[in-house]
Amino acid sequence: DGSRLTLAPSELVAKVNRQIEDGSLKNVGDSTVVARLDGGLVREAGDLLYPIIDEIPVMLLDEAIAVSHLK
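Printed below as a string of structure tokens:
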């Protein structure tokens, strides 16, 4: 959507990876996230995190993770 993106803080990536490990994290497309993240890009609004997997940003909306759903 053209929003500015910033690199996700390591604490946020660690939180996401913990939820991935316990199988409780779903993406915007309602699929369970199974691949650990190397990092992430957060939209300027702070609402979505686009995963970086194998050093490649995945910029598909359905693959994004809603930051508000993180525990």
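Under the numbering used here, the first residue of the sequence shown is numbered 216, with each subsequent residue one higher.
Just so you know, even glycine gets a beta-carbon here, dropped at the ideal spot from N, CA and C.
- Message: Please report the straight-line C-alpha distance between ASP262 and SER218, rounded to a whole angstrom.
- Response: 11 Å
- Stretch-stretch touch, CB-based, cutoff 8 Å, three pairs: the stretch 268–278 with the stretch 238–257: yes
- Item | Spatial neighbours of LEU276 in its chain, beta-carbon cut-off 7 Å, leaving aside the 5 residues before and after | VAL243
- Close beta carbons around PRO272, own chain, < 7 Å, minus the five adjacent residues each side: LEU256 and TYR265
- Message: On a Cα-Cα basis, can you pick out the residue from LYS286, ASP245 and ALA260 that is closest to GLU278?
- Response: Closest by alpha carbon: ASP245.
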